[in-house]
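Peer 1:
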Amino acid sequence: MKQYNNIAFTFPGQGSQSLGMLSELAESHSEIKETFRTASEVLGLDLWQMHSNGSPEIINQTENTQPLMLSAGVAVWRVWCKISPIRPGWMAGHSLGEFTALVCANSLTFEDAIAMVRERARLMQQAVPEGAGAMAAIIGLEDPQVVAICREVGENGIVAPVNFNAPGQIVIAGEVDAVNQAIDAAKQAGARRAVILPVSVPSHCVLMQSAAEEFSSYIENIKVESPEVPVIHNVDVASHAAADVIRHVLAKQMYNPVRWSDGVKFMNEQGVSAFVECGPGKILSGLNKRIVKGCDVLPVNNNKTLATAVEFIQ
């Protein structure tokens, strides 16, 4: 194996899921279904059946999305490890993807992580009944503008910026009426787009604090090893080796903003020039390209993109 400090692997979270998202890779690589089979055994739930024959409504339910996306990211990583000797110098995951990164960095076992994210999702959904909260993407405004809009609307209800994804792209979350008010205000302020996202809980805002407290108790005794590859965490844009600290930032992430843009900039400052998106979709690749102008972005989610990335990184 060869580790390259100019390469980072990034792992997507909720929002990148789609029906049959890894079907093509699964035809060529047994690791895909094997990974889903392990996850299904842990949960007592057929995740591959859900992945292949479910419905958008089913896979968009947070309790299903989180284990599906974790399984998908880990499965693609295992395929990569089989066919390429190249390993990254850095890892990061967007929200739920942070758990994927920790599994791939051998900090968490896959089995523990699957159980963790299912419980995380259950607690999040329990904290805010479906339909009471919402998340929305605001595109085309500067960060301070969105912060100001949320502060103003927040006098009448809970809403806050929760994902600082890239210049000109922020996600907000909170109570559904407040989020809709913020969408209207953003459009009036000149946002190119302001749209509700297909998620069932308002992640990373204060509405998740009670869920985070329960999750913190749940993971207290989960075994956490020092990551073999530095994992940049969403909350504080730092990597950690101590188990207690990793547990703390995972719980804190649930009710604090995802600082994705800062994390990508930090890795670039450490010498990273190529970002591989390991898992379904290419959302992170689009964000990373906007955050670091001129960087190489390589989504890996099917046979063609896998071959392209392997050829590029060798």
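Residue numbers -7 to 306, in the working numbering, belong to the letters of the sequence shown in order.
Beta carbons are placed, not taken as given, at the ideal position from N, Cα and C, and that holds for glycine.
Quick caveat, the model's predicted, so the values are computed rather than measured.
Just to confirm my understanding: we take D254, look at its own chain, exclude 5 residues before and 5 after, and list those with CB closer than 8 Å. What are they?
Peer 2: Within the sequence shown, the letter at position 262 stands for residue 254. Result list for D254: F156, V229, in chain order.
Peer 1: Quick one: give me the first and last residue of the beta strand (DSSP E) that P48 is part of.
Peer 2: Mapped onto the sequence shown, residue 48 falls at position 56. First-last for P48: 48 to 51, but that is the alpha helix (DSSP H), not the beta strand (DSSP E).
Peer 1: Helix, strand or coil for E147? Go by DSSP, reduced to three states.
Peer 2: Position 155 of the sequence shown, counted from the first residue, corresponds to residue 147. E147 falls in the coil class under three-state DSSP.
Peer 1: Within a Cβ cutoff of 6 Å, which residues of the same chain sit near N293, ignoring the five residues on either side of it in sequence?
Peer 2: Sequence index remark: in the sequence shown, residue 293 carries index 301 (1-based). Once the five neighbours on either side are set aside, the close Cβ partners of N293 are P272.
Peer 1: Should V227 go down as buried or exposed, given a rule of 16 or more other Cβ atoms within 10 Å for buried?
Peer 2: Sequence index remark: in the sequence shown, residue 227 carries index 235 (1-based). Looking at its Cβ environment, which holds 16 or more other Cβ atoms inside 10 Å, V227 is buried.
Peer 1: Closest by CA to L115, which one among M127, F28, S195?
Peer 2: Along the sequence shown, read from residue 1 onward, the residue named residue 115 stands at position 123. Among M127, F28, S195, the Cα nearest to that of L115 belongs to S195.
Peer 1: On a Cα-Cα basis, can you pick out the residue from F1, Q(-5), T101 that is closest to A266?
Peer 2: For the purposes of this step, residue 266 is taken as residue 274 along the sequence shown, with counting starting at 1. Cα-wise, what sits closest to A266 is F1.
Peer 1: Only counting the same chain, and skipping five residues up and downstream in sequence, which positions put a Cβ closer than 7 Å to that of F102?
Peer 2: Counting from one through the sequence shown, the residue named residue 102 turns up at place 110. Counting only Cβ-Cβ distances below 7 Å, and skipping sequence neighbours, we find T30, V66, V95.
Peer 1: When DSSP builds the beta bridges, which residues end up paired with E269?
Peer 2: Here residue 269 corresponds to residue number 277 of the sequence shown, with the count starting at 1. BP columns for E269 point to T2, P291.
Peer 1: Go through its chain and collect everything with a Cβ distance to K25's Cβ below 7 Å, but skip five positions before and after it.
Peer 2: Counted from its first residue, the sequence shown places residue 25 at position 33. Correct list, in chain order: A18, W40.
Peer 1: Identify, in the order they occur along the chain, each residue of the same chain with its Cβ nearer than 7 Å to the Cβ of V216, setting aside the five sequence neighbours on each side.
Peer 2: Position 224 of the sequence shown, counting from 1, holds the residue named residue 216. Taking V216 as the centre and dropping the five residues before and after it, the same chain places the C-beta of S99, L100, A235, I238, R239 closer than 7 Å to its C-beta, in chain order.
Peer 1: Identify every residue that forms a DSSP beta bridge with A84.
Peer 2: On the sequence shown, position 92 is the one that residue 84 refers to. Answer is T2, I224, bridged to A84.
Peer 1: Could you give the DSSP three-state label for K281: helix, strand or coil?
Peer 2: Here residue 281 corresponds to residue number 289 of the sequence shown, with the count starting at 1. Three-state result, K281: helix.
Peer 1: What did DSSP end up calling Q306 once you bin it into helix, strand or coil?
Peer 2: Walking along the sequence shown from the start, residue 306 turns up at place 314. Annotated three-state conformation of Q306 is coil, per DSSP.
Peer 1: For V187, count neighbouring Cβ atoms within 10 angstroms of its own Cβ and tell me buried if that reaches 16, exposed if not.
Peer 2: The residue you call residue 187 lines up with position 195 of the sequence shown. So V187 ends up on the exposed side.
Peer 1: Decide if S22 is buried, meaning its Cβ has at least 16 other Cβ atoms within 10 Å, or exposed.
Peer 2: Working through the sequence shown from its first residue, we reach residue 22 at position 30. Around the C-beta of S22, fewer than 16 other C-beta atoms lie within 10 Å, and the residue is accordingly described as exposed.
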